[in-house]
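Scroll down for the structure; my scribbles are underneath it.
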Amino acid sequence: MNTQGTVFKYPDNVDTDVIIPARYLNTPDANELALHCMEDIDKTFVERVKPGDVIVAGWNFGCGSSREHAPLVLKTCKTGCVIAKSFARIFYRNAINIGFPILECEQAADEICAGDEVRVDFDTGVITDLTTNKTYQAQPFPPFIQHIIKSGGLLASLKEGADE
Amino acid sequence: MGMTMTQKILAAHAGLDHVVAGQLISAKLDLVLGNDITTPVAINEFNKAGFDRIFDKDKVAIVLDHFVPNKDIKAAEQSKTCRTFACSHCVSHFYDVGKMGIEHALLPEQGVVTAGDCIIGADSHTCTYGALGAFSTGVGSTDMAAGMATGMAWFKVPSAIKFHLTGKLPENCSGKDVILTIIGMIGVDGALYKSMEFVGDGVLSLSMDDRLCICNMAIEAGAKNGIFPVDDVTMQYLAGRSERVPVTYEADDDAEYEQTITIDLSKIVPTVACPHLPENTHPASELGDIKIDQVVIGSCTNGRMEDMEAAYQILNGKHIADGVRCIIIPATMQILRTCVERGYVTAFIDAGAVVSTPTCGPCLGGYMGILAAGERCVATTNRNFVGRMGHVDSEVYLASPYTAAASALTGYITEYKEA
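Those protein sequence lines, which keep their order, are chains A and B.
Residue numbering for the first sequence follows my numbering, starting at 1 and increasing by one per position.
Residue numbering for the second sequence follows my numbering, starting at 165 and increasing by one per position.
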């Protein structure tokens with residue numbers, strides 16, 4: 001699995017309230033919610049994002065609430081993945097559980113610029129900045145988590161376990 | 165190597181004699197919780213995956229609190245989805261309007277959570293119940309769905325930071341000032357993935373409401389959980405309310421901590437977190453004349469009885485400053501009823517405040533006190549992110565009920581000093 005796209009760059013501590021403001025959480029409909037993705041930090045994100053595009057951010061991405069709506073709207077907008085220096089733990093867990101790819105890589109988060117074209121290989125964790133022609137190695141997931149991702153999310157992996 | 169208190173609870177629920185930090189385990193759950201925002205997503209996942217029953221009707225709690233009484237038609241539909249599911253699966257702990265409260269004030273009050281429990285909740289402030297000596301952590305809706313179906317959850321065993329508390333808090337400070345001070349010290353990711361274990365002689369002087377407030381905001385330091393030892397204060401609180409028999413776990417003497425931070429409670433001062441991060445803390449006395457438009461006293465952080473007592477102590481017989489809207493939200497029906505019985509509600513109204521039925525409402529910018537562009541609010545809530553209580557150009561200052569009430573009287577951020 002991999003993704004390729006243009007980089008949107010954000011700072012440290014991007015919280016779930018800016019990823020999807022709570023004022024819109026009166027519906028669980030992912031398509032409706034996705035219209036407001038990143039609205040409070042980047043008003044034009046939804047207009048500009050193309051399938052496969054990559055978000056690059058600093059420390060503690062996804063801090064704040066437990067709303068799974070946050071990784072869900074990023075996934076629904078067809079964002080390819082998020083690369084950050086670190087992730088808040090509930091966001092990290094939610095992204096894995098719904099099968100939305102995230103990668104931790106401090107150097108990539110520092111060096112990759114907004115607008116760069118990048119390719120990310122999820123199997124190897126190799127991030128390639130095609131604009132600068134530099135490569136980075138993200139931290140691989142532990143096998144247990146790889147299993148959840150490969151199954152297509154937590155519930156699918158539970159089903160697999162039950163069927164075995 | 166010994167285990168921390170959190171690690172002991174996790175080991176016991178995973179059926180293991182010993183666990184170490186970093187280990188991936190599967191643990192039995194004593195309670196799975198959701199609210200009116202996260203539960204509909206969980207129900208959708210639960211149904212989509214083809215599950216037809218919940219693992220234990222007494223170990224699932226669904227609390228309608230964020231947007232109820234329903235703020236609009238869509239919110240009403242979400243509540244209805246929760247109600248229908250709770251009814252069809254005979255969920256014992258379903259709390260609807262009239263019975264509900266803000267989940268993290270309600271479940272301890274009703275004895276639904278107890279010492280030694282292992283709990284997940286699809287709400288980030290689920291970490292609150294660590295005050296009772298439980299392991300309790302926030303998760304998302306898919307985890308809630310899996311938890312409801314299987315009664316199990318996977319965890320990475322956390323390492324821990326030990327907070328050694330000494331001394332006793334000054335009269336104008338509360339648990340809120342303690343946790344804001346700590347977050348200011350270690351930052352919003354200072355305890356990322358870790359446990360915050362509170363120990364030391366200072367613990368005894370902290371009331372249960374203070375402890376609940378402190379653990380509530382552990383997530384604001386990025387922590388997996390916050391936890392207090394079980395002592396006389398805990399057992400007195402649990403007596404007569406706990407549904408299950410409390411189980412006491414203690415950290416081993418040789419438990420490993422990544423760091424130990426000593427905090428002298430007597431040195432804590434009224435503290436305010438300025439926009440737009442909870443780590444941006446300053447002593448209230450040093451903030452100068454920051455003019456405010458609104459005060460909110462409530463939320464899962466500070467809507468408990470002692471918070472109402474603090475507000476009453478300050479507002480009774482006084483009047484709120486011109487140009488300030490003061491919204492007081494007792495967190496549960498029982499707290500609201502006590503406020504009525506004791507005459508607090510009359511005193512609040514006479515002071516020029518409004519008193520609401522329990523709701524998370526303004527804390528997350530839902531309703532019941534949304535801010536316009538350029539407006540400032542002093543709130544006893546837990547987050548001051550951009551746009552958290554309304555317009556992206558509004559500001560939230562986090563503070564204790566003492567500071568919030570004192571600020572309501574002056575119209576600017578004010579440290580409370582006893583007359």
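All C-beta atoms, glycine included, are put in the ideal place defined by N, C-alpha and C.
Bear in mind the structure is a predicted one, so any value in this text is a computation, not a measurement.
Within-8 angstroms CB hit, residue i to chain B
i: A/L158; result: yes
i: A/F144; result: yes
i: A/S151; result: no
i: A/T76; result: no
i: A/V82; result: no
i: A/I90; result: yes
i: A/G64; result: yes
i: A/H147; result: no
i: A/A22; result: yes
i: A/N94; result: yes
i: A/P28; result: yes
i: A/I127; result: no
i: A/I19; result: no
i: A/E164; result: A caution first: A/E164 carries a pLDDT of 47, below 50, which makes its placement in the model unreliable, though a value can still be read off. Cβ-Cβ to chain B under 8 angstroms: no for A/E164.
i: A/I55; result: no
Below-8 angstroms beta-carbon distance, residue i vs any chain A residue
i: B/F249; result: no
i: B/R547; result: yes
i: B/G529; result: yes
i: B/N380; result: no
i: B/E209; result: yes
i: B/V437; result: Checking the displayed sequence, the identity of residue 437 of chain B turns out to be Ala instead of Val. So no, B/A437 is outside the interface.
i: B/K238; result: yes
i: B/G538; result: no
i: B/D287; result: yes
i: B/D471; result: no
i: B/P204; result: yes
i: B/Q477; result: no
i: B/V184; result: no
i: B/T445; result: no
Contact check, residue i vs residue j, beta carbons under 8 angstroms
i: B/I266; j: B/A495; result: yes
i: B/L441; j: B/V352; result: yes
i: B/K332; j: B/G366; result: yes
i: B/A537; j: B/V436; result: no
i: B/Y476; j: B/N336; result: no
i: B/P322; j: B/V363; result: no
i: B/H230; j: B/N199; result: yes
i: B/D307; j: A/R67; result: no
i: B/L195; j: B/K223; result: yes
i: A/S86; j: B/L356; result: yes
Environment of residue i [buried if 16+ CB atoms lie within 10 Å]
i: B/H177; result: buried
i: A/E164; result: Any reading at A/E164 needs caution, since the residue's pLDDT is 47, under 50, leaving its predicted position unreliable; the model's value is listed next. Classification of A/E164: exposed, given that the 10 Å Cβ count is below 16.
i: B/I237; result: exposed
i: B/E579; result: buried
i: B/C251; result: exposed
i: B/A239; result: buried
i: B/K340; result: buried
i: A/Q137; result: exposed
i: A/G80; result: buried
i: A/A70; result: buried
i: B/P526; result: buried
i: A/L130; result: exposed
i: A/L35; result: exposed
i: B/T290; result: buried
i: A/H147; result: exposed
Extent of the continuous beta strand (DSSP E) to which residue i belongs
i: A/C81; result: 81 to 84
i: A/D121; result: 117 to 121
i: B/M316; result: 316 to 320
i: B/Y566; result: Premise fails: B/Y566 lies in the alpha helix (DSSP H), 565 to 574, not in any beta strand (DSSP E).
i: A/Y136; result: 134 to 137
i: B/H328; result: 324 to 330
i: A/T128; result: 126 to 129
i: B/T445; result: 445 to 447
i: B/H182; result: Premise fails: B/H182 is in no beta strand (DSSP E) and is neither H nor E.
Residue range of the alpha helix (DSSP H) that includes residue i
i: B/N466; result: 463 to 466
i: B/L562; result: Looking at the DSSP string, B/L562 is not in any alpha helix (DSSP H); the run it does join, the beta strand (DSSP E), is 559 to 562.
i: A/Q4; result: That residue, A/Q4, is in no alpha helix (DSSP H); its beta strand (DSSP E) goes 2 to 9.
i: A/R89; result: 89 to 98
Cβ separation of residue i and residue j, assumed to be a contact under 8 angstroms, to the nearest whole Å
i: B/V519; j: B/I513; result: 7 angstroms
i: B/N466; j: B/T544; result: 4 angstroms
i: B/E414; j: B/M264; result: Not a contact, Cβ separation roughly 34 angstroms.
i: B/T278; j: B/L296; result: 6 angstroms
heavy atom of the ligand HEM below 7 angstroms from residue i C-beta
i: A/N97; result: Among the components of this structure there are no ligands whatsoever, and the ligand HEM is therefore not found.
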